[in-house]
Amino acid sequence: MNWILTHTGKHFDLFEPDVDMIDPRDIAHSLAHLCRFNGHTREFYSVAQHSCLVADLVPAEHKLAALLHDATEAYIGDMVRSLKQWMHAYQDVETWIWDRICTRFGLDQDLPASVTQADLIALATERRDLMPSDPATWDCLVGIEPAHERIRPWSPTEARLTYHQRLMDQLAIEHRRKAA
């Protein structure tokens, strides 16, 4: 079996992903139930909320990419960065799915620099607000300052509803912009 059953009842093939099987409701539901940092936060904090935080930190024209930058995780889960670099087959599947997500939502496969930077600011903020105290240096965060506002973790329900609404609003904005 090469597929997963999504929240909306679709059979999503992991090795031959079909653009028509990518559903914003599935992405919202799954990301709202995935905990960042492999669950090692002080309290539950979802990938959906993380994606909303990243979207808050980018210019308007990059908000859709920011909301969807981790959307592959709705289909293949989240993997810690240090392990992902060694899992080449995982990276291949992630790339295939990202390609289909980009096709589905009209995104460029390369994330805008503002999204990459915002992702790091979100990570620094999450480390400060959600992770156990640790004196170790995170090399990827050298020179990155966290956001001023503190994170209040959302429940999975709040994360799903908020993320889904923001995604649908952004899709409507993008549709109107492209139609103009």
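Numbering (this note's numbering), first residue to last: 61 to 240.
Note that the Cβ used here is the ideal one computed from N, Cα and C, for glycine as well.
Taking 8 Å as the cut-off, decide whether the C-beta atoms of residue i and residue j are in contact.
| i | j | result |
| --- | --- | --- |
| H110 | E186 | yes |
| A88 | A120 | no |
| P77 | M228 | no |
| R164 | I82 | yes |
| E260 | L91 | Residue 260 lies beyond the residue range present for the chain, which begins at 61 and ends at 240; the question has no answer from this structure. |
Tell me, to the nearest whole angstrom, how far the beta carbon of residue i is from that of residue j; I am working on the premise that it is less than 8 Å.
| i | j | result |
| --- | --- | --- |
| F104 | C95 | 6 Å |
| L67 | D80 | The question names Leu, but residue 67 in the sequence shown is His. Contact flag wrong, Cβ pair sits at about 16 Å. |
| L117 | A182 | 7 Å |
| R210 | D194 | Between D194 and R210 the Cβ distance is about 18 Å, and since that is not below 8 Å, they are no contact. |
Comparing C-alpha positions only, which one of the options sits nearest to residue i?
| i | options | result |
| --- | --- | --- |
| N62 | D80, K144, L74, M191 | L74 |
| M191 | P77, T132, G99, R85 | G99 |
| V175 | K238, D86, I82, A115 | A115 |
| L234 | L201, G166, P195 | In the sequence under discussion, the amino acid at residue 234 is Glu, which differs from the Leu named in the question. Nearest option by C-alpha distance: G166. |
| D179 | T197, L231, A196, K123 | K123 |
| W201 | Q177, T155, W214, S215 | Going by the sequence as given, residue 201 is Leu instead of Trp. L201 has its Cα closest to that of Q177, out of Q177, T155, W214, S215. |
| M106 | I136, R237, W214, L65 | Strictly speaking, residue 106 in this sequence is Ser, with Met absent from that position. S106 has its Cα closest to that of W214, out of I136, R237, W214, L65. |
| W198 | R141, I82, A92 | R141 |
| Y135 | W146, E154, Q145 | E154 |
| H241 | G137, Q145, I64 | Look at the range of the chain in this structure, 61 to 240, and you will see that residue 241 is not part of it. |
| K144 | T101, F97, L231 | F97 |
Quick test of the definition: if touching needs 3 or more C-beta pairs under 8 Å, does the stretch 168 to 176 touch the stretch 133 to 150? no
Assess, as a yes-or-no matter, whether the stretch 120 to 138 is touched by the stretch 222 to 240 under the definition of 3 or more beta carbon pairs within less than 8 Å. yes
Complete alpha helix (DSSP H) runs within the stretch 93 to 162 (minimum length 4 residues, chain order): Within the stretch 93 to 162, the complete alpha helix (DSSP H) segments at least 4 residues long are 107 to 116, 123 to 128, 133 to 136, 141 to 144, listed from N- to C-terminus.
With three or more beta-carbon pairs closer than 8 Å as the criterion, would you say the stretch 200 to 211 touches the stretch 151 to 166? no
Restricting to runs no shorter than 3 residues, where is the beta strand (DSSP E) found entirely within the stretch 62 to 90? 63 to 65, 71 to 73
Note down, one range per segment and in chain order, each alpha helix (DSSP H) of at least 4 residues found wholly within the stretch 172 to 239. 173 to 190, 216 to 239
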